Structure formats: structure tokens, C-alpha cells
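Residue 40 in the UniProt record's numbering sits at position 40 of the sequence shown, with consecutive numbering throughout. Structure, as C-alpha cells:
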Amino acid sequence: MLIEEIKGNTFCIDMGKTNIPFYKIDNKKIIMLDSGFNKVDREKIENVLESNDLQPVGIICSHAHADHAGNNMYLKKKYNCIIAMSECEAFICNSENNLKFYYNNQYNTYTTYDIREHLEYMVCETDIIITEERDYVEVCGVKFGIIHTVGHSPGHICIVTPDNVAYLGDALISHEVIENAKMPYTYNLSEDLKSKANLYNLKCEKYIVAHKGIYEDITKLIEDNINLYRNIAAKLYNIIEGTMTMEHIVKNAIESFNICVNNTLKYIMVDKVLRLYIEYFCEMRMVKMEIKDGFLKYSKVP
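Okay, structure coming up:
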């Protein structure tokens, strides 16, 4: 793992598959932009902090996914960090019940036991709530720009450091990830596409993508991200033939996208992502739902 200087006081921890940026207040105190995945990243992050004599005093979190907010609670308890998140994402992390509500809205299978067993580390009180109308946040006396990029998650934000370096979180994925993407996750595709297009207006000197890259210009990256999601949506739309149950659509998608599904968790993940694309088709009036022979079925709108 390496610490890479991006510009001025903005740095980035290279975690291998992801980037975790931070902003140096002084030689010791830092503000992290996301906190990584608890099971995978915690020990690595701690080694970087300790070996470089760094102390996180704040965390601005792009969104409440496990690989971005997974160490919020741990670092808050250990270092007494201030946590800043968008209003919606802060709500998700506020309690076990809120996590259950959010994940059941997607998986439909998460019990309170599952939350406690697998996601309890996500529960964390947020100190600074970033509301939708705010375009900046001040943490520990440092002012960061905020761009609301709803879509990948309900309240995803991008963060601009005082060095005019933008951390894009998961609003975009790198060209390397695009090349290997089969069915990338999006919570709300229509909003996600709008948010990606809005990034054309962002003028920064450097851009950090969590998964994973550092760019000086993101014009082509934005275009390629938008095309990726549109092309995948078109491919998924084309596998709907006649009137089909969701299980039938999932089966066709697994075969069409050549996805290895060897356990129930993997199936649930594919089902979850696919349902969000189907929601987009229904929203766009491209697909309709109906009850037929006692089953909920989907078909294309003529």
C-alpha cells in the first residue's frame, strides 16, 4: 500500500482495488474521504495511519455502502472522529432498523439477525448532516465542496478538497473496471445517468475515482460510464421475451451475461441488481407488470 500525493494537502491511500483519499490538516491530523471496507481494509488502513503517524479527526463519507463506510464507527470510537454524510445516507446508518429497511428494500431477505451478524459495524451516528441544498461542508475548520450525485446510492455525494481535487466515490468507475463490468450496481438508473452527465460541469485539477483511478480529465470517462450503463440496460431489456417472471428474467440474465452463480448470496446479489434495472424500465414505461396465472410477470410495453 502506498500513500500518493495528489495535489497540495490532498493524498490518496492505494488499497489495491480501491482508493481512499484524505486531506492533511497538518503533519499529523487528517480528514478521510470514506473509511473503506471493515473486513478487508481495516488492518491495512491502521497500518498506514500508524506507520505514517497520521490521526484521522474527521471522515466525509460519499455514501453508506459497506466498502466506503465500513470503518466509520470503528474510527469514530478509536480516534473520536467527526463523521459527515449526506442526509439520506446518514439516515441509513443511524440504526439497525434503518439498515434493515434500506437493505430489505433491495434484497427482501434481510432479517434483524442478518443485520446484526453482517452489517452491525455500519451503524454509526453522523455528526454533520449534509442536506440536499448545501454545496459545501466544513469539517474541523476545513471547507470542502459538495456535489450531490444521487443514483449509485440514494444520497451519494462527490467531495472537492481545498486543493480543487474531486473525489468522485462511485459516481464513476474507471476504464479498467468498465472493461470487466458485467452488471454494475445502480440504485436509481435514471438519476444515476443524470448525475453522471452533470459531472461534465465539474472543473477540477484532479479527480479520484474509488474503483479505481486518478484522472486529470474525466470527459471521456463520463461518456464511457454513461454508455456502459445504457448498453447494459439495453442488453437486459432485450432478454425480456413475452411475459416473464422475475426468476425467469434472472435466469436469462445469468446465462446472457455469463455470470458465475454458485451460491445463494451470489444469486441474491444478481437478483437485487437486476430488479433495480427492471424498476428503471417500468419507470420509463418500457416494461409493465401484471398478475398472470397467480404470478407477477413482466413484459415489454408495445
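Think of the CB as a built atom: it goes at the ideal place given N, C-alpha and C, for glycine as much as any other residue. Remember, it's a predicted structure, so these values are computed and weren't measured experimentally.
The way I'd put it, the region 124-143 doesn't touch the region 180-199; fewer than three beta-carbon pairs between them come closer than 8 Å. With respect to I60, A90 sits apart: the two C-beta atoms are not nearer than 7 Å. By the neighbour-count definition (other C-beta atoms within 10 Å, threshold 16), Y207 is a buried residue. Between G145 and A210, the CB-CB gap reaches or exceeds 7 Å.
In this chain, N263 is not harboured by any beta strand (DSSP E), its DSSP state being neither H nor E.
When beta bridges are read from the DSSP output, Y167 appears opposite I159 and I208. The alpha helix (DSSP H) runs of length 4 or more contained entirely in the region 178-236 are, from start to end of the chain, 189-198. Under the 10 Å beta carbon count, S35 is surrounded by 16 or more other beta carbons and is classified as buried. Of the residues L2, I3, T10 and E4, the one whose Cα lies closest to the Cα of D163 is T10. Taking a contact as a CB-CB distance under 8 Å, the pair T243 and L296 does not count as one, their CB atoms being some 10 Å apart. The continuous alpha helix (DSSP H) containing N72 extends over residues N72 to Y79.
Sequence-distant Cβ neighbours of Q55 in its own chain, meaning closer than 8 Å and more than five residues away, are K28, K29, I30, L49 and Y79. In the DSSP assignment, A69 forms a beta bridge with G36. Taking 7 Å as the cut-off, the beta carbon of H156 is found no closer than this to the beta carbon of V165. Minimum Cα-Cα distance from G8 among the listed residues P302, V160 and A181 corresponds to V160. For L33, the CB contacts under 6 Å within the same chain, skipping 5 residues up- and downstream, are P21, I60, I159 and Y167 in chain order. By the criterion of a C-beta distance shorter than 7 Å, Y237 is surrounded in its chain by F281 and M286, once the five residues flanking it on both sides are discounted. Only buried fits S174, as 16 or more other CB atoms lie within 10 angstroms of its CB.
Collapsing the DSSP output to three states places V273 in a helix. Taking all protein chains shown into account, I291 has fewer than 16 neighbouring C-beta atoms within 10 Å of its C-beta and is therefore exposed.
Here the alpha carbon of P184 sits roughly 38 Å from the alpha carbon of D26. Less than 7 Å divides the Cβ of N252 from the Cβ of I239. Y277 and L189 do touch by the CB rule: their CB atoms are close to 6 Å apart, below 8 Å.
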